[in-house]
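Participant: The numbering used here numbers the first residue of the sequence shown as 82 and each following residue consecutively. All C-beta atoms, glycine included, are put in the ideal place defined by N, C-alpha and C.
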Amino acid sequence: MLRETRHEKLLSILGQEGVLPIGEIAKRLGVSEATARRDLTELGRAGRLTRVYGGAVATPQPDEERPFSEVAVDDLADKTAVARRAARLIADGDVVLLDIGTTTLQLAKLLRGRPVTIVTSNLAVYDELRDDPEVTLILLGGQVRSNYRSVVGFLTESNIRQLHVGRLFLGASGVLPDGSVLDSTHVEVPVKRAMLASSREVVLLATAGKFPGDTGLARICGPQQIDTLITNKTSDPATLDVFREAGVEVVTV
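1) Within a Cβ cutoff of 7 Å, which residues of the same chain sit near S113, ignoring the five residues on either side of it in sequence?
2) For D308 versus E282, is the C-beta distance shorter than 8 Å?
3) By alpha-carbon positions, which one of F250, C302 and D259 ends up nearest to I181?
4) Please confirm if the segment 235-243 is in contact with the segment 154-174, defined as three or more CB-CB distances below 8 Å between the two stretches.
5) Out of Y229, A117 and L192, state which residue places its alpha-carbon closest to the alpha-carbon of D213.
6) By Cβ distance, which residues of its chain are closer than 6 Å to T217, with the 5 residues on each side in sequence left out?
7) Go through its chain and collect everything with a Cβ distance to V323's Cβ below 8 Å, but skip five positions before and after it.
8) Give me whichever residues DSSP pairs with S280 in a beta bridge.
9) For the alpha helix (DSSP H) that A164 lies in, which residues bound it at each end?
10) So what's I219 in DSSP terms, helix, strand or just coil?
11) Counting along the chain, where does the alpha helix (DSSP H) carrying T185 start and finish?
12) Can you tell me where the alpha helix (DSSP H) holding T122 begins and where it ends?
13) What residues match up with S231 in a beta bridge as DSSP calls it?
14) Quick one: what's R274 bridged to in DSSP?
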């Protein structure tokens, strides 16, 4: 296999599965671990991936992701409606985990002045609530992604593994017709998966434009890992039926 072809295959594998150890990368590519390390070093120098302990994760390229400020105003009415319904699920005293994203930011705005505990990797949520005396705000540590206002990496994942929260409000870039929940940013996927594992209940917040949609390169989870889906009434009926068949409570607004 040509080096360039091997590099593209490696990036594709990392994009789909997140962080992989060197041994598994070598196995997938059919090369020695020494060759896999050289490939990782070359791609790391080119800014195409980030080396982590024992392996690597693909790095999104600048033209692959729009700034948070631009995404935040897309479908704002739909996001606000979804967030308003999600806020009704939160009682005073609850501990909730808010994922990255612009819909979770709208939810955070609705939680101002309420005696709740919010754990998040979303810097926009932090900015929204940091001066609120009623909210107990826990910001996860990690590498700052300034373009999308979040923190990621092994430190973030380690922080999350120390937690066990009642409810996660999860965002996504798109949802496939089979109910697969996708994200377009490789480095966010391991964080989202850690959040899923640390939460008793998972609420997916997704506006109509994401149903069905193939926006996103990496699979976060399937519908079986979602407890409640909150979306708009105009969302694709067939995709919503897939969630219902998986036992998910589907709420449309």
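Facilitator: So, to answer that:
1) A107
2) yes
3) F250
4) no
5) L192
6) T198
7) P258, D259, G260 and P304
8) V246
9) L157 to A168
10) strand
11) The continuous alpha helix (DSSP H) containing T185 extends over residues T183 to L191.
12) E114 to R126
13) N203 and R226
14) None, per the DSSP bridge assignment.
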